[in-house]
Structure formats: structure tokens, C-alpha cells
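So the number in the numbering used here is just where the residue sits in the sequence shown, counting from 1, plus 4. Cβ atoms here follow ideal geometry from the backbone N, Cα and C, with glycine treated the same way.
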Amino acid sequence: MSEYFERCGKMTMVANNRRQFVKGFSIGVVLTFIALTCNSYYGNQFIQWTTTRHSNLENGCNHGPAASFRRTEDSNAFSDDNSTADKLREQVRVLVAIMTALKNIETRAQAVKDTWAKHCSEIIYFSTGENKKFPTVRLNVPEGMNHLTPKTMGGFDYMYDHYFNDFDWFMKADDDTYVIMENLRYFLSSQNFSQPVSFGQHFVLYDGQEYQDGGAGYVLSKESLRRFRHRGNNSKCVKDGAYEDVEMAHCLESLGVQIVNSKDSQGRSRFHTFVPSVHIHGTYPKFYNHHNRGDNKGIDSMSDYAVSFHRVTPSMMWELEFYVYHLRPYGICNVKENLELKNNKSSSN
Numbered sequence: 005m006s007e008y009f010e011r012c013g014k015m016t017m018v019a020n021n022r023r024q025f026v027k028g029f030s031i032g033v034v035l036t037f038i039a040l041t042c043n044s045y046y047g048n049q050f051i052q053w054t055t056t057r058h059s060n061l062e063n064g065c066n067h068g069p070a071a072s073f074r075r076t077e078d079s080n081a082f083s084d085d086n087s088t089a090d091k092l093r094e095q096v097r098v099l100v101a102i103m104t105a106l107k108n109i110e111t112r113a114q115a116v117k118d119t120w121a122k123h124c125s126e127i128i129y130f131s132t133g134e135n136k137k138f139p140t141v142r143l144n145v146p147e148g149m150n151h152l153t154p155k156t157m158g159g160f161d162y163m164y165d166h167y168f169n170d171f172d173w174f175m176k177a178d179d180d181t182y183v184i185m186e187n188l189r190y191f192l193s194s195q196n197f198s199q200p201v202s203f204g205q206h207f208v209l210y211d212g213q214e215y216q217d218g219g220a221g222y223v224l225s226k227e228s229l230r231r232f233r234h235r236g237n238n239s240k241c242v243k244d245g246a247y248e249d250v251e252m253a254h255c256l257e258s259l260g261v262q263i264v265n266s267k268d269s270q271g272r273s274r275f276h277t278f279v280p281s282v283h284i285h286g287t288y289p290k291f292y293n294h295h296n297r298g299d300n301k302g303i304d305s306m307s308d309y310a311v312s313f314h315r316v317t318p319s320m321m322w323e324l325e326f327y328v329y330h331l332r333p334y335g336i337c338n339v340k341e342n343l344e345l346k347n348n349k350s351s352s353n
């Protein structure tokens, strides 16, 4: 008898469990249907509301009906109006040469290629050796700091021989230089490439010799490059040496090339020997204070349209790339300023 009641009890428990499962499953189906229905309605309402608000705001800026937009590779980034920059890219033809070394190709040169080089019309990497993973133009010059002069001169000779008819401006920079190409083109757009001029971070030696810092990068006009290539056996154009920027200045001046003021109309520097923080705080080494004749410091000493910074590590290349091309304060729109400064020989940056 006890076995009978035990079997009956088990059967009753099984039946109760089945009823509870069916009841719970039914309630779950109903609740899921209600949730999906509400989410579909209110979700669409929210999306429609936020889309309307954001499309009306246009990132806080009124670009006008004629604006041309380009979305960056970042799918979450907003669209910039590149119409002015694109126009300058077509009108101001700049060729950039990067001086690198075999030991720096896969670090420094690669960082340049991955960041600001993308904004160049054309860029060449010069080295004294070959790297199968990274294409460079090999110069027949010994490797080392003591041979920077023939390396740089060889680079300019190569640019003349292969690209002279395709470009109007020719820039030399190092593999730890960061260049904002849009600002360089803007500056050069008010200059005459038919004149024998050179632009860069302006220095003056103790004897009064003017030159432009090689690390910050300097730019030769088409006429300057033509004169340089036809320098012949000019005694002022040495064939070897470590201080390429000084030697280039000696050579260029002997050819009638003018070292030109490159500050903006408010007296702020465009080309920079160091990273931004050094120029902001004024923590300059002694040579800089002497050669630059006491440059100012602080944010207001640097142009809003700065062209270059030097001694930039590969990781900082990416930081500057983010700050320049991605970071934006919402609702503050870029207004074009007239910061052109006419050609005049001056001891300024």
C-alpha cells in the first residue's frame, strides 16, 4: 500500500511540475512580445528624435549648402569640410623628402607614413640602405650623423632630377618631424615659388650667419632648387659634414637664395625645433636661446596654423595626429584667418 501512495505522489509531483512549466513558459512568451512591441515603437521614436536633433545641429556649425564633406576612416568621427584644403592641395604643389636611417625605418619612418604622410601629395624617404618592407631611395652616402650634409644635398639633387616639373615647393624633414601639410600649403599659397626663397625655423649663429633648423624642416622654392642643382663646384657648397642645415644655408645664400621670415602676421612661429610642450613652457636648451635670439614661449607664441614640430617620438606622432585631425570642441567652428606675411628677410621663425 505504501508503494502505491508513493507512486501516486510522484505522479502528482510530475503533473504539477508540467503545469508550472507550461504556465511559466506562456507568461514568458507574453512578456517578451510586450517588450518587443514597446521597444520597437519607443526605440523608433527615440532614434527619430535624436536624428532630427543632430541633423539640425550639424555638429554645432552651419557649413552652408555648398560645403563639401569627407568622412574620415573612423566610422564614429564627424565629417569635415575639406573643400578649401582640397583646393590648396591642387594649387600648391609640395614634394616632401624624409631623411631616415636603416635603424629608424620600421619605427620613426613607419610612424610618419602611418600619420601625417597621408596628407602629402607625394613623399619620398631617403636612406643609405635598403629595407624590403619599406621602400626608400638609397643614397650613396656613408651612414651617420657626420654625413648629413651630403645626404641632404643628395636628396635635393634627386628631387630636382626626378620631380622638378611636377612640383613647385620642395621640403626636407627628418623622420622625427611632424608636419601639418594643410597649414604648410596655406602659408606657401601667399608666396612666389619663382623667387629664390627658403622657409623654416630661423636661426642666427654667433657670427651673424642665418640658417634654418633642419629638424623642423625647411622648404625650397622651385627657383631655389634650380639654383642649388646647378651649383657646380661652388666652394660654399661643401660636400660633407654634420651640420647640414648650416651648410645648406651657406650654399643657398651664395647662390642668391633668401632666408625668409616664416612667422605669421601676428609674429607667431610656424616651424618648431621641439615638441609643443617645450615651446609652451620655454624649456629651451642654451643653444636654442642663443641661435634663436630669445624666442618667446607660451601658447600665444605659436601660430594657430603651425606647420611643424621636431623631436617627435613615434607614439607622439599618433597623439598629434589625433589632436590635429580628430579632436574637436563641439560647437566651435573653424574661421579662416588671414595670417599671411609678405617676404622679408628677418631673424624670425
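Given a cut-off of 8 angstroms, decide if residue j and residue i are closer than it, judged by their beta-carbon atoms.
i	j	result
residue 99	residue 163	yes
residue 2	residue 319	Because residue 2 is not part of the residues shown, which for the chain are 5 to 353, the question remains open.
residue 221	residue 183	yes
residue 253	residue 292	no
residue 231	residue 250	no
residue 180	residue 314	yes
residue 328	residue 279	no
residue 255	residue 237	no
residue 322	residue 119	yes
residue 151	residue 244	yes
Since I believe residue j is in contact with residue i (beta carbons under 8 angstroms), could you give me their beta-carbon distance rounded to a whole number of angstroms?
i	j	result
residue 2	residue 104	With the chain running from 5 to 353 in the structure shown, residue 2 is simply not present.
residue 229	residue 174	5 angstroms
residue 172	residue 97	5 angstroms
residue 226	residue 191	Residue 226 to residue 191, Cβ: 16 angstroms. No contact.
residue 153	residue 143	In fact, because the Cβ distance is near 12 angstroms, the residues do not count as touching under 8 angstroms.
residue 257	residue 156	In fact, because the Cβ distance is near 16 angstroms, the residues do not count as touching under 8 angstroms.
residue 4	residue 116	Past the boundaries of the shown model lies residue 4; the chain is included only from 5 to 353, so the question cannot be answered.
residue 138	residue 121	Contact flag wrong, Cβ pair sits at about 12 angstroms.
residue 235	residue 259	6 angstroms
residue 93	residue 161	Contact doesn't hold; Cβ gap of about 26 angstroms is too wide.
Go ahead and label residue i buried or exposed: buried means 16 or more other beta carbons lie within 10 angstroms of its beta carbon, across all protein chains shown.
i	result
residue 334	exposed
residue 149	exposed
residue 263	buried
residue 224	buried
residue 219	buried
residue 169	exposed
residue 287	exposed
residue 70	With a pLDDT of only 37 at residue 70, under the threshold of 50, the placement of this residue in the model should not be trusted; the figure read from the coordinates follows. Exposed, since its Cβ has fewer than 16 Cβ neighbours within 10 Å.
residue 95	exposed
residue 123	buried
residue 217	buried
residue 2	Only positions 5 to 353 of the chain appear in this structure, which leaves residue 2 out of reach.
residue 90	exposed
residue 146	exposed
residue 289	exposed
residue 1	In this structure the chain extends from 5 to 353, so residue 1 is not present and cannot be described.
residue 33	Confidence at residue 33 is low in this model, with a pLDDT of 48, below 50, so its placement is unreliable and no value can be given for it.
residue 270	exposed
residue 136	exposed
residue 240	exposed
Counting pairs of beta carbons, one from the segment 310-319 and one from the segment 179-198, are three or more of them closer than 8 angstroms? yes
Within the segment 286-321, ranges of the alpha helix (DSSP H) (whole runs, at least 4 residues): List check, alpha helix (DSSP H) in window: 290-295.
Quick test of the definition: if touching needs 3 or more C-beta pairs under 8 angstroms, does the segment 103-121 touch the segment 201-214? no
Tell me the start and end of each unbroken beta strand (DSSP E) in the segment 143-206 that is at least 3 residues and wholly inside, in chain order. Segments of the beta strand (DSSP E) lying fully in the segment 143-206: 173-178, 201-204.
Ignoring anything shorter than 3 residues, give me the beta strand (DSSP E) runs that lie fully in the segment 209-264, in order along the chain. 214-216, 222-225
What beta strand (DSSP E) runs, 3 residues minimum, are completely inside the segment 111-140? 126-131
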